[in-house]
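Sequence order for the protein chains is D and H. First residue of the first sequence: 1, per my numbering; consecutive thereafter. First residue of the second sequence: 1001, per my numbering; consecutive thereafter. Ideal placement from N, C-alpha and C gives every residue a C-beta, glycine not left out. In this text, all values refer to a predicted model and were calculated from it rather than measured experimentally.
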Amino acid sequence: MTDSLHHHKVSNWLAEVPEYQGLWSWITSIDHKQIGIMYILSGIFFFVIAVGLGLTMKLQLCVPMNHMLTQSTYNQIFTMHGTTMVFLVGMPLIFGTGVYLTPLMIGARDMAFPRLNAFGFWVFLFGAIFLYFSFLGGGAPSGGWFSYVPLTSKAYSSGTGIDYWALSLFVTGIGSVATGVNLIVTILGLRAPGMTLQRVPLFVWMMLFTAILTVLALPALNAVIVMLEFDRFMSTHFFETASGGSALLYQNYFWFFGHSEVYILILPAFGWVTETIPVFSRKALYGAGFVSASTVAIGFLSFGVWIHHMFTTGLSFAVLYIFSLSSLIIAVPTGIKVWTWIATMWGGTIKLTTSMLYSIAFIIQFTIGGLGGITFAVIPLDWQLTDSYFVVAHLHYVLVGGFLFAFISGVYYWYPKVTGRMLSETLGKIHFWIMVVGFNGTFFVMHFLGLYGMPRRVWTYPHGMPVLASLNMISCIFAFVLAASILIFAFNLVYSFLKGKIAGDNPWEAWTLEWATTSPPHPENFERLPPVHSRRPLWDLTHDVGENGSESGDMKAGEQKA
Amino acid sequence: MKKKGMDNVIMGMLVFVASESIFFLLLVLAYVNFHKVTGAQAATLLEPVKTGIFSIALFASSFTIWLAEKAHEKQAIAQFKMWLFSTIALGTIFIAGQAEEYYRLIMDKITIDRDLFGTTFFTLTGFHGLHVIIGLLMLTLILGLSLWGRKHEPSEVGLQSVAIYWHFVDAVWVVVFSVVYLWRYVA
């Protein structure tokens, strides 16, 4: 509370920043903080919808031979669930945190292209709404989130659902490229004096590579969507095998995008926890150079592993071996990161805040998800497990246990900065434990479902199969525990916004630049910037390390002219 | 504080062009992927010499926009407008050539939905043509600014970033022209 007394002209929470009052100020905003918040709120909005879709699927699968949903409704629901989670939840959450935090972390006034920033967001939002318009326009898409041909060709999907899917993703894809370009230029061009690329917070570094991957991978999605829609609208023959086209071309192009997309999603998650873990361990990040370098390695390798999604399509052994190898190799830089997080905590003074709990759970669950992922790099195992619930378990461990847990860790960490108020730690810890139980209960058993042969994307399963009924029931029950935890989270977000403890500038005693300004930040971001001589400018400020900073390998004083 | 190094707008355009390159790369690869089926048709239906002449117009426009940039740097405004106008004219000639080619093919019942050749050929060259047209619109905008804009318009970086885009459109055509029209001479 005492901190807040120092704040004068700038009010203490978001609702009272005069520049941010009224709906119009948000709609017309080109302020990176407002746009970031709108990105994140839309992400959370679509997240709630997609969780609802997921629960519907779980209810349908609770018992064998359930007739709650029809086959085709079920197809629509899992397609919308997956598409929403990847494109309308994952992407806005990473871009939201990216455009909100990046300028603050590098000491900039705004993004490089503020109008382009607004363009990126609104294009995304309209594309997203367009996808949901499919329900009114004659049925949602039902080709799965990757919409393989020939299923999605006109002959087998004659409705408009696939077109909504394709055009929506094309539009949101344009927004993603715009924001990607913007982030790259912001990070490369707008850093504060003294902030060399070696000194940017690791989150910013990972955002840079996320943006590079976005800019280079999204065009592949756009290309494949163009070809798919040409096939559907203009009767072209790209993917039509009967007239010499190639359905495999679709898979190649889609996964060239799709596997990079996986890293587009997970790199920011690495970024979030790489910021929180050192702060709550009260130690500088161990092996920061390794973290940066392994990010670069992941960035490059992520373009060379896509075939592991296609191991069962009858490729030559040479191709199988090469992509098996590259998919195994990409686990190494990822493993390096896990190692550095653990080494950072080792010997640190760990503060088990809700944010830290989420980060720790992230490390454990992401590692489980990663091990599941390596399974698919091993060709015989892939042949056995592909398109089974093992895949579903793996991807949810990486994207929920990994991405979402890291995101929530970030929310508990940065919420005070964004709103000026602390999230309730009591509610936070209840939220955390229920969510850990709910998440693992829902998804861990799916590994076994897959091993016992349950294929993914089936609307039901027969009576009398070994273990399927009981495991599905367990998964179903825990899914509702998971959903309950999300309700607690939502309540906490709203309640703390109104009643939370006033945060002050730097409640966690963190050391990156975003904590050097008020909470919420003034529309101009900074009144003045502290000097940047290391990765931890605020630490230097309070610990009076002077020119040499605290991380000796990191800086040579005076080398960088302010 | 004015930073040294690359201007942000230029950097933004370069990154955007990198993104676009991947898009075209995949369209070119789609064409190449089906070449064993479509190559024979490309050899009989297309007229490399005629298209080659129109292509020279497009390649020349890369040179004229470079001259326009040089003139703009030296504040030789009359020259600048002349070279800019030449660039637009050359780009328009190229598009006219493409229109003529499309017209001829479509009259011969070679359409986008006819077979794999039509599919890949029209998609690839069509997207390139679309980019040329967008480039022409941007160049016209620059010309309009130089004729009727305020004193400092068009800005140096505005002109440079449009030039980068224009060079990119040209470079893509070098690849597309080689792959689609000249491949037959390799075999």
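Relative to the alpha-carbon of residue i, which residue among the options has its alpha-carbon at the smallest distance?
i, options, result
"residue 306 (chain D)", "D:376, D:233, D:231", "D:376"
"residue 470 (chain D)", "D:488, D:490, D:446", "D:446"
"residue 86 (chain D)", "D:52, D:123, D:46, D:57", "D:46"
"residue 215 (chain D)", "H:1021, H:1147, H:1088", "H:1021"
"residue 1059 (chain H)", "H:1133, H:1166, H:1120, H:1096", "H:1166"
"residue 1053 (chain H)", "H:1093, H:1185, H:1040", "H:1093"
"residue 153 (chain D)", "D:140, D:230, D:363", "D:230"
"residue 527 (chain D)", "D:514, D:534, D:460, D:74", "D:514"
"residue 290 (chain D)", "D:333, D:187, D:350, D:279", "D:333"
"residue 162 (chain D)", "D:400, D:75, D:196", "D:75"
"residue 300 (chain D)", "D:213, D:313, D:462", "D:213"
"residue 1183 (chain H)", "H:1141, H:1055, H:1075, H:1031", "H:1031"
"residue 269 (chain D)", "D:90, D:237, D:80, D:136", "D:90"
"residue 1029 (chain H)", "D:238, D:412, D:362", "D:238"
Output, in chain order, the set of chain H residues within a Cβ distance shorter than 7 Å of residue i.
i, result
"residue 235 (chain D)", "1113"
"residue 223 (chain D)", "1023, 1026, 1027"
"residue 238 (chain D)", "1030, 1119"
"residue 291 (chain D)", "Those do not exist, as residue 291 (chain D) stays about 24 Å from chain H at its closest Cβ, beyond 7 Å."
"residue 249 (chain D)", "1030, 1033"
"residue 220 (chain D)", "1022, 1026"
"residue 267 (chain D)", "The premise fails here: residue 267 (chain D) is roughly 17 Å from chain H at the closest Cβ pair, so nothing lies under 7 Å."
"residue 188 (chain D)", "1011"
Which residues in chain H sit within 9 Å of residue i, going by Cβ to Cβ distance?
i, result
"residue 113 (chain D)", "1008, 1009, 1012"
"residue 253 (chain D)", "1026, 1029, 1030"
Along chain D, which residues have their Cβ under 9 Å away from the Cβ of residue i?
i, result
"residue 1157 (chain H)", "Here the premise fails: no neighbours, minimum Cβ distance about 12 Å."
So residue i contacts chain D; which residues on that side make the cut at Cβ distance below 8 Å?
i, result
"residue 1018 (chain H)", "215, 216"
Just list the residues that DSSP pairs residue i with in beta bridges.
i, result
"residue 455 (chain D)", "D:388"
"residue 421 (chain D)", "D:502"
"residue 522 (chain D)", "D:525"
According to the Cβ coordinates, are residue i and residue j closer than 8 Å?
i, j, result
"residue 468 (chain D)", "residue 506 (chain D)", "no"
"residue 430 (chain D)", "residue 358 (chain D)", "no"
"residue 575 (chain D)", "residue 102 (chain D)", "As shown, chain D starts at 1 and ends at 562. That puts residue 575 (chain D) outside it, with no answer to give."
"residue 100 (chain D)", "residue 36 (chain D)", "yes"
"residue 159 (chain D)", "residue 138 (chain D)", "yes"
"residue 1135 (chain H)", "residue 1179 (chain H)", "no"
"residue 266 (chain D)", "residue 54 (chain D)", "no"
"residue 29 (chain D)", "residue 118 (chain D)", "yes"
"residue 1149 (chain H)", "residue 1098 (chain H)", "no"
"residue 481 (chain D)", "residue 194 (chain D)", "no"
"residue 503 (chain D)", "residue 422 (chain D)", "yes"
"residue 372 (chain D)", "residue 393 (chain D)", "yes"
"residue 1084 (chain H)", "residue 1146 (chain H)", "yes"
"residue 260 (chain D)", "residue 209 (chain D)", "no"
"residue 420 (chain D)", "residue 354 (chain D)", "no"
"residue 106 (chain D)", "residue 232 (chain D)", "no"
"residue 484 (chain D)", "residue 438 (chain D)", "yes"
"residue 1163 (chain H)", "residue 1065 (chain H)", "yes"
"residue 166 (chain D)", "residue 249 (chain D)", "no"
"residue 535 (chain D)", "residue 331 (chain D)", "no"
"residue 204 (chain D)", "residue 187 (chain D)", "yes"
Would you mind telling me which residues of chain H sit closer than 8 Å to residue i, beta carbon to beta carbon, in chain order?
i, result
"residue 227 (chain D)", "1030, 1123"
"residue 185 (chain D)", "1008, 1011, 1012, 1015"
"residue 181 (chain D)", "1012, 1015, 1016, 1019"
"residue 177 (chain D)", "1016, 1019"
"residue 526 (chain D)", "Neighbours of residue 526 (chain D) on chain H: none; closest Cβ ~13 Å, over 8 Å."
"residue 244 (chain D)", "1034, 1037, 1115, 1116"
"residue 230 (chain D)", "1112, 1119, 1123"
"residue 286 (chain D)", "Here the premise fails: no neighbours, minimum Cβ distance about 32 Å."
Anything in chain C within Cβ reach of residue i, meaning under 7 Å, just list it in chain order.
i, result
"residue 263 (chain D)", "Judged by its chain identifiers, the structure shown contains no chain C, and its protein chains are D and H."
Open item on the list: Check whether the segment 248-255 of chain D and the segment 215-231 of chain D are in contact - that is, three or more C-beta pairs closer than 8 Å.
Closed with: yes
TODO: Kindly confirm or deny that the segment 469-486 of chain D and the segment 50-68 of chain D touch, where touching means at least three C-beta pairs closer than 8 Å.
DONE: yes
- [ ] Evaluate contact between the segment 86-103 of chain D and the segment 163-182 of chain D, counting only Cβ atoms and requiring at least three cross-stretch pairs below 8 Å.
- [x] yes
- [ ] Examine the Cβ distances between the segment 103-120 of chain D and the segment 140-152 of chain D and report whether three or more of them are shorter than 8 Å.
- [x] no
Task: the segment 283-291 of chain D in contact with the segment 308-325 of chain D per 3-pair CB rule at 8 Å - done: no
Task: Segment contact flag, the segment 235-243 of chain D with the segment 1114-1129 of chain H, C-beta cutoff 8 Å, min 3 pairs - done: yes
Task: Three or more C-beta pairs below 8 Å linking the segment 338-349 of chain D and the segment 271-280 of chain D - done: yes
TODO: Determine, using beta-carbon pairs with one atom in the segment 1102-1113 of chain H and one in the segment 1082-1094 of chain H, whether at least three such pairs fall under 8 Å.
DONE: no
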